[in-house]
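Engineer:
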């Protein structure tokens, strides 16, 4: 039962972006002020009419604040937690880095579903991405008929998920598959550039982007790095980020990123959010 005087943060320990404010719960001292609740995205729990009415986009994170409008996107949730933090916070970077890390070109959710060749597509279909897509399909079929007032929402989601089902289907048309492979290659090239150039440009030699304490940029970057590191075979351990090398075209993982990862991985917040592995 959620305490009526507490805020509620909806997360999932298989999702990337709710991890940003989830880290903030522990890094900023919100443990006694925020109830953290899991929403199982793999089985489409975010598509229940009840949840869609809390967040019309059916996405995570979602923050419920008694007496206030729900916050339903990563940027606004993290900003709220920083603005009301019980503990000192890091300084703003003064850049557009948060917006840049959320650009489609380096989308970590697409990276999860991406496949650059038949072998990758087969492996993804047999793994979490395939289970995720099929779980969504079942959930949408279950919940759509129960909420006629949300018909436009469900119709759009069913169409979008139907395309993913097609990509992952053995009957996928060759032209669709080749389009997906090409889009995936472009995405990973952009991610490589982002790792080698954009992230080191904003990172200090030591400490957080925000200084002694994590600031807005840090929570978004920590979550992004965790997802991409997972996709390259890394773990939450202090040397886990070295797995990124496999996607860097022969380059080493930038030393600033290695140092930054070690900093985060030693925190209680990191240990709590990633105790079951990266996501």
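Numbering (this note's numbering), first residue to last: 32 to 310. C-beta: ideal position from N, C-alpha, C; glycine also.
Between the stretch 42 to 49 and the stretch 252 to 271, do three or more beta carbon pairs fall short of 8 Å?
Structural biologist: With the cut-off at 8 Å, the stretch 42 to 49 and the stretch 252 to 271 touch.
Engineer: Anyone know if the C-beta pair for residue 230 and residue 142 falls short of 8 Å?
Structural biologist: No, Cβ-Cβ distance for residue 230 and residue 142 is not below 8 Å.
Engineer: Given residue 244, which residues of its chain have a CB within under 7 Å of its CB, disregarding the five upstream and five downstream residues?
Structural biologist: Hits under 7 Å: 119, 120 and 121.
Engineer: For the stretch 53 to 68 against the stretch 83 to 90, are there 3 or more C-beta pairs whose distance is under 8 Å?
Structural biologist: Judged by Cβ distances under 8 Å, the stretch 53 to 68 makes no contact with the stretch 83 to 90, as fewer than three pairs qualify.
Engineer: What residue range is occupied by the uninterrupted beta strand (DSSP E) comprising residue 68?
Structural biologist: Start and end: 65 to 69.
Engineer: My understanding is that residue 248 touches residue 272, with C-beta atoms under 8 Å, so please give their C-beta distance in whole angstroms.
Structural biologist: 17 Å between Cβ atoms; not a contact.
Engineer: Does the stretch 151 to 162 come into contact with the stretch 95 to 110, if we say contact requires no fewer than three beta-carbon pairs (one atom in each stretch) closer than 8 Å?
Structural biologist: Contact fails: fewer than three Cβ-Cβ distances are below 8 Å.
Engineer: Could I get the ranges of all uninterrupted alpha helix (DSSP H) runs contained in the stretch 73 to 127, with 4 residues as the minimum, in chain order?
Structural biologist: Counting only runs of 4 or more, we get 80 to 85 and 105 to 114.
Engineer: Among residues of its own chain, excluding the 5 on either side of residue 219, which ones have a beta-carbon nearer than 8 Å to its beta-carbon?
Structural biologist: 142, 145, 147 and 278.
Engineer: Using DSSP's beta-bridge definition, name the partner residues of residue 242.
Structural biologist: In DSSP, residue 242 forms a bridge with 239.
Engineer: By how many angstroms is the C-alpha of residue 171 removed from the C-alpha of residue 80?
Structural biologist: Going by the C-alpha atoms only, they are around 10 Å apart.
Engineer: Mapping DSSP to helix, strand and coil, what is residue 33?
Structural biologist: Low confidence applies to residue 33: its pLDDT is 44, below 50, so where it sits in the model is not reliable, and the reading given next is rough at best. Of the three classes helix, strand and coil, the one that applies to residue 33 here is coil, per DSSP.
Engineer: Indicate the three-state DSSP secondary structure (helix, strand or coil) for residue 41 in the structure shown.
Structural biologist: Residue 41: strand per DSSP, three-state reduction.
Engineer: Considering only the alpha carbon of each residue, which of 307, 149 and 140 lies closest to residue 212?
Structural biologist: When only C-alpha atoms are compared, the closest one is 149.
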